[in-house]
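These notes concern the structure reproduced below.
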Amino acid sequence: MNCSFSHFLIGFTRGSARLPLGNNPYGNNQKKTTKRKPEVLRRKAVALSVSMTEEEAPGPAEPLSAEDYAAEAMAADMDPWIKFDARKTPRAEFSSWLESNRPSQVSRCGAEGPVGWICVRGPQDWEDSGDVEGLQDSWETLLESGRSISFHTIRELALNHSVLYGKWLMHLDTGFKVDRAWESIARAVLDGKIGSAKVSPRDPRSDPRHVICVYNQNFTDEEQVMRLDSVIRAAGVKCVMYYKPDVYTYLGIYRNNRWKICPTIYESMFDLESVPRRSHIINKVTNQEVT
């Protein structure tokens, strides 16, 4: 797939009655656990996705719709990923792989073809992403019922269908900043401290920054989410971070969505003046400080 086709996908999706939605920490070759309807298969193509302009990052002059963000995410996900799988590749090859695939040097639309994401998968096996087909069917039923849509109703759906992955997101300028942060996080994945992570390649056509996504298994387990924040901070990352449940991605809940739901549920700011230094984390659903 070339980049012009990716732009075609964006235009096609904007005109669709239903957006293709989906998510998976390991890219577009995920293990299929159920037989999926054609529409669900098409929606499933958007993995764990966050576009460069999505989430809490400042956007362009004209605000995009949630459908626009979902379309961008689908286009990135359907392009090839550069992956290092610690379960299949010798550890001795990691440093050279990392050096050859620095995010600031990998182009979204390079001469050798498009790149959707750069991804590191740790030694743990986290492939089961739950009953996504059932989740999406229940979501459609919920929408048809006319009930109000909130974090709590979506959380209930996620629990019912075991769709519980989530990720911390950080936006970093291209160059040294993103390369250094990505190396630290990628090595933590290799060491088994983090399950998986991905980073967007350089895209000179849009936001000059990159997004790094770092995953955990259960967004409803606040202690687990806080532990992951601590691991990321211990790796040397000090920037503001936001946490998004994957269920939001599956259901098309991005910025400017029609339900007015914030697409992230935690905000983490690192306090350089506190002793010891630590994150201040706000639960954006309750507007209460967690740490």
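Numbering (the numbering used here), first residue to last: 15 to 305. For glycine and all other residues, C-beta sits at the position ideal for the given N, C-alpha and C.
Under three-state DSSP, which class holds residue 241? If you number the sequence shown from 1, residue 241 lands on position 227. Three-state result, residue 241: helix.
Since residue 217 is in the alpha helix (DSSP H), which residue starts that stretch and which ends it? As a position in the sequence shown, residue 217 is number 203, starting the count at 1. It is not in any alpha helix (DSSP H) - residue 217 carries neither H nor E in the DSSP assignment.
Where does residue 181 sit, in a helix, a strand or coil, going by DSSP? Position 167 of the sequence shown, counted from the start, is the residue given in the question as residue 181. Strand at residue 181.
Own chain, CB closer than 6 Å to residue 265, minus 5 neighbours either side, in chain order: As a first step, residue 265 must be located in the sequence shown, where it is residue number 251. Correct list, in chain order: 153.
Give me the DSSP bridge partner(s) of residue 135. Within the sequence shown, the letter at position 121 stands for residue 135. Partner(s): 99, 210.
Go ahead and label residue 263 buried or exposed: buried means 16 or more other beta carbons lie within 10 angstroms of its beta carbon, across all protein chains shown. In the sequence shown, residue 263 corresponds to position 249, counting from 1. With 16 or more neighbouring CB atoms inside 10 Å of its own CB, residue 263 falls in the buried class.
Would you tell me roughly how many angstroms separate the C-alpha atoms of residue 213 and residue 129, rounded to the nearest one? As a working mapping, residue 213 is identified with position 199 in the sequence shown. As a working mapping, residue 129 is identified with position 115 in the sequence shown. Looking at the two C-alpha atoms, the distance is approximately 11 Å.
Got a sec? Which residues, its chain only, sit under 6 Å from residue 301 by beta carbon, not counting five neighbours each side? If you number the sequence shown from 1, residue 301 lands on position 287. Nothing meets the Cβ criterion.
Paired residues, beta bridge with residue 108 - DSSP: What you label residue 108 is simply residue 94 of the sequence shown in a count that begins at 1. Residue 108 is not bridged to any residue.
Quick test of the definition: if touching needs 3 or more C-beta pairs under 8 Å, does the stretch 249 to 264 touch the stretch 278 to 290? yes
Separation of residue 118 from residue 190, as counted between CA atoms: What you label residue 190 is simply residue 176 of the sequence shown in a count that begins at 1. What you label residue 118 is simply residue 104 of the sequence shown in a count that begins at 1. Distance between the alpha carbons of residue 190 and residue 118 is about 8 Å.
Please check the pair residue 229 and residue 209, which I expect to be a contact at CB under 8 Å, by giving their CB distance rounded to whole angstroms. Position 215 of the sequence shown, counted from the start, is the residue given in the question as residue 229. Position 195 of the sequence shown, counted from the start, is the residue given in the question as residue 209. Between residue 209 and residue 229 the Cβ distance is about 5 Å, and since that is below 8 Å, they are a contact.
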